[in-house]
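Since the structure comes first, as structure tokens, the remarks are kept for the end.
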């Protein structure tokens, strides 16, 4: 940079690069095998490269930052595994299939089965409830609502995401419990022939309550991410659909939703991540029962994170190890979910990458 | 198939800004009409008014009367989607649906109108791609993404998508401005071919193109920035380019504009 291209007549014709374009005599054309002489800088000794400049400094800094992530992850993993393994070795039952949780006994017996089941079930139901509503809100905000309504409404949705989960938990336990109990009674009366609404009670502090509270918590994430995605739909694709005679809803189905599909999946997975990892709201709302049952309305349910919050206080060394092991299982579940989501997103990658 | 378009005293607004003022012209069936003029003079606005795409933009509205075979397309009880199906549009930049394959792109309009039978869609896809002079280039890769084609092929794909729904009129808004000369030539050949079936109105900045392809030419202009565009002269293409009546037209086509 800053060097002046040589225009001297001695430069060979057709020299590639900066000089060639200016110095080439008319008619010679570009010769591909022109001799490579010193051309840039126009003679004189070239300045040497700085050995310890800003360039090398920043490179080192950013490399160190990148390496630090790996170091931290490996350190955490090592710590968790080293705590979990002794507890698992002391376990007298099969960790993966046993349903009870007594790690603090003289003969520790504990298993993840009921907890993992409750975690996944409550999260899936929360998503089943939240996702259609969230997508509806997102489409309304991005394509139907007038701008002066969409902006404040979007703000309110984002505000919902800022409510601490303990507040949701207390609200769910003290306020939301009663309507959900009434709903459960009603469901039980008329739909008890469906196993998920069967049982003899008591009702209320059930998977249903936990899932509904969870669904309110994941709603803002899914909504605001999908709204961003929907708003990014190229206007020219929307116009193309309209010009083909599409109604507004048909235009959304043809141009907006397919374009946003990977983003919607990502939004759902982020919501699922939040639901799976949610601790205190579920600890406050679920009935804390260690069994595997698809019954949604009877008191019961438990989750890995809620169990950690509830039992960590009185856990001994083996108990803590057992809880850490359950945390590793939760991590594994989240990892599988994320990888599945990525697989879905990348499957039609060809269609996205070729989009201009 | 093709129908006559009649505009009388069409004035279009973007909010309070008047973009075109009092445009009146008649476009005969099975002809190519070129609209030329400097940037910002309302050619595209007029074109978008013809198939009611103008009103898609917030605050946009129109006054005056636009008819297709004596039916007012701005009648209160006219279904706007029916108007757009009857009057297809090809845009300035090729805009195939990025999530769809070539096949899906071509039949997208048919699917919107309820066609489901695979044999019908297959036939329509092949016919439209043949009409758009694209079949031979893509017949072996109909399942590949439409956005993976070259710019010229994409534009022909968009034309195939437009004519697949069998419109009466095809509007083209600078369809070649993003294309190289060879692709442009391909589109122009295509326009001659489509003229047998459709009424075509094309907006172009390329005066040679207007002279080459069109039967009639309309010259739009504005007095100064901020003024509404007006139709200065509308006549046979031959006359516009050899012996225009208006001095402004002559200045523009001979490059002495402004």
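Residue numbers (my numbering), protein chains in the order written: chain H, -12 to 343; chain U, 2 to 259.
Note that the Cβ used here is the ideal one computed from N, Cα and C, for glycine as well.
Residues 222 and 233 of the same chain have their beta carbon placed closer than 7 Å to that of residue 249/U, with the five preceding and five following residues left out of the count. For the region 211 to 237 of chain H, the set of positions with a beta-carbon nearer than 7 Å to some beta-carbon of chain U reads 223, 224, 226, 227, 229, 230, 231, 232, 233, 234 and 237 in chain order. Contact annotation: residue 38/U and residue 102/U have beta-carbon atoms that are not nearer than 8 Å. Closest option to residue 209/U, judged by alpha-carbon separation, among 155/U, 4/U, 153/U and 178/U: 178/U.
Sixteen is the threshold: when 16 or more other Cβ atoms of the shown chains lie within 10 Å of the Cβ of residue 74/U, as they do, the residue is buried. Residue 113/U reaches chain H at 228, 231, 232, 233, 237 and 241, counting residues in chain order whose Cβ is nearer than 8 Å. In the three-state scheme derived from DSSP, where H, G and I count as helix and E and B as strand, residue 230/U is classed as strand. Two segments are said to touch when three or more pairs of C-beta atoms, one from each, lie closer than 8 Å; by this definition the region 222 to 230 of chain H touches the region 238 to 246 of chain H. Assignment of beta strand (DSSP E) within the region 66 to 151 of chain H, counting only whole runs of 3 or more residues, yields no such run.
Taking C-beta separations shorter than 8 Å and ignoring five residues to either side along the sequence, the partners of residue 199/H in its chain run 113, 116, 159, 163 and 167, following chain order. By alpha-carbon distance to residue 167/U, the top candidate from 180/U, 31/U, 186/U and 86/U is 86/U. Contact between the region 2 to 14 of chain U and the region 27 to 41 of chain U is established, with three or more Cβ pairs separated by less than 8 Å. In the structure shown, the three-state DSSP call for residue 75/U is coil. Within chain H, 231 and 232 have C-beta atoms less than 8 Å from the C-beta of residue 166/U, given in sequence order.
The distance from the Cβ of residue 170/U to that of residue 61/U is about 20 Å, inconsistent with a contact at the 8 Å cut-off.
Straight across, the Cα-Cα distance linking residue 232/H with residue 251/U is about 39 Å. Taken in chain order, the complete beta strand (DSSP E) segments of 3 residues or longer contained in the region 154 to 202 of chain U are 170 to 174. For residue 189/H, same chain residues with a beta-carbon under 8 Å away, outside a window of 5 residues either side, are 285 and 286 in chain order.
For the pair of segments examined, the region 313 to 323 of chain H was found not to touch the region 121 to 134 of chain H: the number of CB pairs separated by less than 8 Å stays below three. With 16 or more other Cβ atoms from the protein chains shown falling within 10 Å of its own Cβ, residue 146/U counts as buried. Note that the region 249 to 266 of chain H touches the region 202 to 220 of chain H; at least 3 beta-carbon pairs, one per stretch, sit closer than 8 Å.
For residue 106/U, the uninterrupted alpha helix (DSSP H) run begins and ends at 103 to 113, by DSSP. When beta bridges are read from the DSSP output, residue 13/U appears opposite 21/U and 63/U. Beta bridge pairing from DSSP links residue 204/U with 36/U and 174/U. For a Cβ distance threshold of 8 Å, residue set 98, 100 and 101 of chain U lies close to residue 245/H, ordered along the chain. Identification of chain H residues near residue 83/U by a Cβ-Cβ cut-off of 9 Å yields 232, ordered along the chain. For a cut-off of 8 Å, the C-beta gap from residue 193/H to residue 274/H is around 6 Å, short enough to register as a contact.
At a beta-carbon threshold of 7 Å, the residues of chain H lying near residue 54/U are 226, 229 and 230, ordered along the chain.
The C-beta distance from residue 106/H to residue 291/H rounds to 5 Å, short enough to meet the 8 Å contact threshold. In the three-state scheme derived from DSSP, where H, G and I count as helix and E and B as strand, residue 123/U is classed as helix.
Annotation for residue 114/U: 86 and 166 place their beta carbon closer than 8 Å to its own, counting only its chain and skipping 5 residues before and after. The Cβ of residue 28/U sits no closer than 8 Å to any Cβ of chain H. One alpha carbon belongs to residue 160/U, the other to residue 207/U, and they sit about 19 Å apart.
A residue is called buried once 16 or more other Cβ atoms fall within 10 Å of its Cβ, and residue 52/U is buried on that count.
The C-beta separation of residue 183/U from residue 36/U comes to about 24 Å, leaving the pair out of contact by the 8 Å criterion. Legend: CB atoms of the region 208 to 219 of chain U lying less than 8 Å from CB atoms of chain H are not found in any residue.
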